[in-house]
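In the numbering used here, the protein residues as written are 390 to 679.
Virtual Cβ for every residue (Gly too), placed ideally from N, Cα, C.
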């Protein structure tokens with residue numbers, strides 16, 4: 390794919406989003422959710438306002454006991470719903486970390502008035518950087534992090550953004566509160582992923598919009614965010630593919646190639662998190678311990 394580099398108004402484009410978010414009150418409301426609470430934490434449904442005063446939703450898990458606790462922000466995946474803890478992770482994590490799993494606009498419980506389509510979301514408004522839905526989605530991630538930072542239970546020196554897509558890198562660059570990032574660069578880094586085929590379908594349908602789309606994607610090109618990313622970072626992917634991206638990141642960065650095993654990859658990630666936050670042991674599902 391052709392590289393448009395860094396747009397001249399790159400800073401202005403993202404500063405506009407940040408300034409708009411500052412002007413919108415959070416108006417956060419928490420409602421206890423007994424069904425998703427457990428022996429390790431209380432769970433709350435959280436409703437709050439984002440870019441354009443859009444109403445968002447998330448699950449907040451607060452451990453029992455004395456804080457402050459390290460915090461994990463789990464932003465949206467390319468799916469229709471969020472859950473208090475990502476499927477397959479150990480429920481005991483909710484006793485060590487404050488975890489905020491937040492939906493972006495279009496996902497369940499945040500789907501009024503906009504309902505996201507999967508596939509289809511990745512190319513929504515993509516022919517112009519000013520209409521592309523992903524600027525608003527990144528605003529939703531930043532808004533979720535802003536809410537998490539207001540919680541008195543968290544340790545402000547240990548805030549993780551973790552998701553196997555490109556967005557933690559962008560969020561970590563735009564939000565200095567983030568101390569640790571776990572990400573898996575994809576289409577925004579020119580790396581083939583499930584969004585690439587959706588993009589190729591769009592080009593086949595609208596070949597005359599090719600240059601317009603690439604111009605839009607230049608505002609989301611991960612290499613343009615690397616200098617601003619000072620958090621301790623773990624990137625999932627090939628070291629050969631990611632070495633240039635990793636070298637541009639200001640914070641110390643590790644690269645880990647997937648072993649195509651949920652157990653092996655999950656164990657490495659949990660060990661990385663535990664080690665970098667000063668814990669002697671990772672929290673893993675009981676079935677992995679044998």
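| Item | Value |
| --- | --- |
| Could you give the uninterrupted runs of the beta strand (DSSP E) lying entirely in the region 426–475, keeping only those of 3 residues or more? | 430–438, 444–452 and 458–463 |
| What are the start and end residues of the alpha helix (DSSP H) that includes residue 654? | 651–666 |
| At a cut of 8 Å, does the region 569–584 reach the region 536–549 through at least three beta carbon pairs? | yes |
| Roughly how many whole angstroms lie between the Cα atoms of residue 420 and residue 449? | 10 Å |
| By Cβ distance, which residues of its chain are closer than 7 Å to residue 430, with the 5 residues on each side in sequence left out? | 450, 451, 452, 453, 483 and 484 |
| Since residue 462 and residue 533 are thought to touch, with beta carbons under 8 Å apart, how far apart are those beta carbons, to the nearest angstrom? | 6 Å |
| When you compare only the Cα positions, how much space is there between residue 604 and residue 642? | 28 Å |
| Based on Cα-Cα distance, which residue from 677, 637, 666 and 622 lies nearest to residue 650? | 677 |
| Would you mind reading off the limits of the alpha helix (DSSP H) that contains residue 535? | 522–538 |
| Provide the residue span of the alpha helix (DSSP H) that contains residue 411, from first to last. | 399–412 |
| In the DSSP assignment, find the alpha helix (DSSP H) that holds residue 632 and state where it starts and stops. | 628–637 |
| Buried or exposed: where does residue 657 fall if 16 or more other Cβ atoms within 10 Å of its Cβ makes it buried? | buried |
| Helix, strand or coil: how does DSSP classify residue 577 here? | helix |
| Out of curiosity, what's the CA-to-CA distance linking residue 498 and residue 445? | 7 Å |
| Could you tell me the distance, in whole angstroms, from the CA atom of residue 472 to the CA atom of residue 425? | 9 Å |
| Where does the unbroken beta strand (DSSP E) through residue 642 begin, and where does it stop? | 642–645 |
| Any contact between the region 593–607 and the region 498–518? By contact I mean 3 or more CB pairs, one from each, below 8 Å. | yes |
| Give me the Cα-Cα distance between residue 541 and residue 456, rounded to the nearest whole angstrom. | 9 Å |
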